[in-house]
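See below for the structure under consideration.
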Amino acid sequence: MKKTLLIIFFSFIQLLSFSAQNEAKIRVIVSNDYNTEDQWVYLFEGVGNVFSIEDSVLLAKGQREFRMRANCKEPYAYCWLAFSKSGPIQPVIYLSNGDDVTVYIDRNTSLNPYTEGSKQMQELFSINGKYTEVRNKLQSLKEESLNPAYDDMKRNRLNDSINAMTHYLKLGLSFELLKTIKYPKNYWLELYQIYYLLPKNQADSVLIAAKQKFPDYEKIQLFPSYKKYPPMTDESKANQKRWLTILSEKVHIPLRPAPRPAQVNLDTIKAEKYKIGDIVADIQLPDRNGKMISLYDIKTDYVLIDFWASWCGPCRSEIRNYMLKDYNKYKEWFTIYSITLDENDKNWKDAVDFDKSGAFTHVTWKDQPNRYKLEKQFKVESIPTNFLLDKEHRIIATDLRGNDLYLKIMELTLKNKKVF
């Protein structure tokens, strides 16, 4: 009997030892930007409907390094770090059991942190670098094309280069990368990016090649379908809520948007959808103090009508990283008429204060009789979305994102010989 118990005991110890050896090990090195106070750091993993907290560590004030472990539920699992107080929003690490990696976190860390010890993450870091290089070249070409000293021939050549570079960034670079990518997760990310942009016959050819190259990677073999997961468990719901709470507290994005009013069939609303070249009718909506603000009372040469919400992460990122960047330089000729979709006024006002975007003209369509008419006219199906108007309230551009917004404003101000 004792012998049997000993065998069971040692078998259990070996099983634990094997499990520990087979886990992913993560060493995190943090810059002094994020260790000025005690805070918890969590390692989350998301696989379908399963949200798990793989590990958590108390990062003490002044501490520069800590270690974590993960028992990954699939190869190249989607994992991310969550700093409870200060730190990057969601640094993602793709992990497999057996990995032993070092992750570097500083104020320049974005979605994919620099990671040593993982060839897959090194490849992803290299891919992101190539995209950044092309985007920077495209940005330089756009800025150069605005040089007032250039004649039409020179400017036309630059515009041809801009169009070619834009197409390359949209599709050409992805095709080049698909030829060289070695790791299935990175391949799947690139495949997902271009598949729906291609004609069906070309998309089918790309997909066949992908399935032949990675016959054992489930996501590629199922694509464009997805694995069906069982309903989320109570544990997964609790872990997801913990992550969303951290996110909400850090960037003042509400944990859950306020319920929208009952949907209205927009087909019953009498209004034509706007298109480029149309003149926008006057809009009157209340600002943060309840005062009605008329679009037609704004006298700047250009107005950007921007639809957003406090709970929309991409909207908030666009505001903080791009829309605010050069606003003071151009505000003499340019106004942002910012229409929130928020149903909760406090969330809206808190987001404006947190983002420091009070210089914009902020209004809300909540409880307004023209709400659904505006929704149909501007085809507000997703956000962020925006419309640039000239002085006659004519739509001259739509969906200006990133650096394109102020490049367009710079182009227009130079064209009209404005001095800034």
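Numbering (the UniProt record's numbering), first residue to last: 1 to 420. All C-beta atoms in this analysis are idealised placements derived from N, C-alpha and C, irrespective of residue type, glycine included. No experiment lies behind these values; they were computed from the predicted model shown.
Extent of the continuous alpha helix (DSSP H) to which residue i belongs
{"i": "glutamine 212", "result": "200-213"}
{"i": "lysine 415", "result": "404-415"}
{"i": "serine 334", "result": "It is phenylalanine, not serine, that sits at residue 334 in the sequence shown. It is not in any alpha helix (DSSP H) - phenylalanine 334 instead sits in the beta strand (DSSP E) that spans 334-340."}
{"i": "alanine 351", "result": "345-355"}
{"i": "leucine 178", "result": "173-180"}
{"i": "serine 140", "result": "119-145"}
{"i": "proline 88", "result": "Note, proline 88: premise wrong, no alpha helix (DSSP H); not H, not E."}
{"i": "arginine 320", "result": "No alpha helix (DSSP H) holds arginine 320; DSSP gives it neither H nor E."}
{"i": "glutamate 375", "result": "371-377"}
{"i": "glutamine 63", "result": "Here glutamine 63 belongs to no alpha helix (DSSP H), and DSSP marks it neither H nor E."}
{"i": "lysine 185", "result": "184-195"}
{"i": "lysine 219", "result": "218-222"}
Contacts around residue i, its chain only, beta-carbon distance under 8 Å, and the 5 residues preceding and following it disregarded
{"i": "arginine 401", "result": "Glu318, Tyr322 and Pro384"}
{"i": "leucine 177", "result": "Ile127, Lys130 and Glu190"}
{"i": "serine 294", "result": "Asp282, Ile283 and Gln284"}
{"i": "isoleucine 29", "result": "Arg64, Glu65, Thr102, Val103, Tyr104 and Ile105"}
{"i": "valine 50", "result": "Lys73, Tyr229, Met232, Thr233 and Ser236"}
{"i": "phenylalanine 125", "result": "Asn112, Tyr114 and Thr115"}
{"i": "leucine 173", "result": "Lys130, Tyr131 and Val134"}
Beta bridge counterpart(s) of residue i as assigned by DSSP
{"i": "glycine 98", "result": "BP columns for glycine 98 are empty, so no partner."}
{"i": "leucine 285", "result": "Ile293"}
{"i": "methionine 68", "result": "Ile26"}
{"i": "aspartate 55", "result": "Leu43"}
{"i": "alanine 82", "result": "Tyr42"}
{"i": "aspartate 234", "result": "Paired residues: none, contrary to the question."}
{"i": "tyrosine 104", "result": "Ile29 and Tyr114"}
{"i": "isoleucine 302", "result": "For the record, residue 302 in the displayed sequence is tyrosine; it is not isoleucine. Looking at the DSSP assignment, tyrosine 302 forms a beta bridge with Phe334."}
{"i": "isoleucine 279", "result": "Arg394"}
{"i": "tryptophan 308", "result": "Thr340"}
{"i": "alanine 77", "result": "Leu95"}
{"i": "valine 50", "result": "Val47"}
Contact set for residue i: own chain, Cβ-Cβ below 6 Å, skip 5 residues either direction
{"i": "serine 11", "result": "Because the pLDDT of serine 11 is 47, which lies under 50, any placement of that residue in the model is unreliable, and the number read from its coordinates should be weighed accordingly. Answer for serine 11: no residue qualifies."}
{"i": "asparagine 71", "result": "Glu23"}
{"i": "proline 231", "result": "none"}
{"i": "phenylalanine 223", "result": "none"}
{"i": "glutamine 90", "result": "Trp80"}
{"i": "isoleucine 396", "result": "Leu388 and Asp390"}
{"i": "aspartate 100", "result": "Lys25 and Gly117"}
{"i": "aspartate 404", "result": "none"}
{"i": "glutamine 139", "result": "Asn403"}
{"i": "glutamate 133", "result": "none"}
{"i": "isoleucine 279", "result": "His393 and Arg394"}
{"i": "lysine 354", "result": "According to the sequence as given, residue 354 is phenylalanine; it is not lysine. Taken in chain order, the residues that qualify are His252."}
{"i": "tyrosine 296", "result": "Asp282"}
Cβ neighbours of residue i in the same chain (closer than 7 Å, five flanking residues each side left out)
{"i": "histidine 167", "result": "none"}
{"i": "leucine 414", "result": "Leu146 and Pro148"}
{"i": "asparagine 128", "result": "Asn112"}
{"i": "leucine 95", "result": "Ala24, Ala70, Cys72, Ala77 and Cys79"}
{"i": "tryptophan 158", "result": "First, the amino acid is wrong: residue 158 is leucine here, not tryptophan. Excluding residues within five positions, the ones whose Cβ falls inside 7 Å are Leu141, Glu144 and Ser145."}
{"i": "tyrosine 34", "result": "Phe83, Ser86, Gly87 and Ile105"}
{"i": "glutamate 74", "result": "Val47"}
{"i": "lysine 373", "result": "Ile269 and Ala271"}
{"i": "valine 251", "result": "Ile89 and Arg316"}
{"i": "isoleucine 194", "result": "Leu171 and Ser174"}
Enclosing beta strand (DSSP E) for residue i [first to last residue]
{"i": "histidine 167", "result": "Not the beta strand (DSSP E): histidine 167 falls in the alpha helix (DSSP H), residues 152-167."}
{"i": "valine 363", "result": "361-364"}
{"i": "isoleucine 396", "result": "395-398"}
{"i": "threonine 385", "result": "385-389"}
Heavy atom of the ligand HEM within 7 Å of residue i beta-carbon
{"i": "isoleucine 127", "result": "This structure simply doesn't include the ligand HEM, nor any ligand for that matter."}
Beta carbon proximity, residue i to chain B, threshold 8 Å
{"i": "asparagine 403", "result": "Looking at the structure shown, chain B is missing, and only one protein chain is on hand."}
Review point. Would you call the region 68-83 and the region 34-50 in contact, with 3 or more CB pairs under 8 Å?
Key: Judged by Cβ distances under 8 Å, the region 68-83 makes contact with the region 34-50, as three or more pairs qualify.
Review point. Is the region 33-42 in contact with the region 85-102, if contact means three or more CB pairs nearer than 8 Å?
Key: At 8 Å Cβ cutoff, the stretches touch.
Review point. Are three or more beta carbon pairs between the region 178-196 and the region 206-224 nearer than 8 Å?
Key: They touch, by the three-pair rule.
Exercise for review: Flag this pair as touching only if the region 150-165 and the region 193-200 have three or more C-beta atom pairs under 8 Å; answer yes or no.
Suggested key: Too few Cβ pairs lie closer than 8 Å, so no.
Review point. Does the count of Cβ pairs from the region 325-335 and the region 306-313 closer than 8 Å reach three?
Key: Result no; under three Cβ-Cβ pairs closer than 8 Å.
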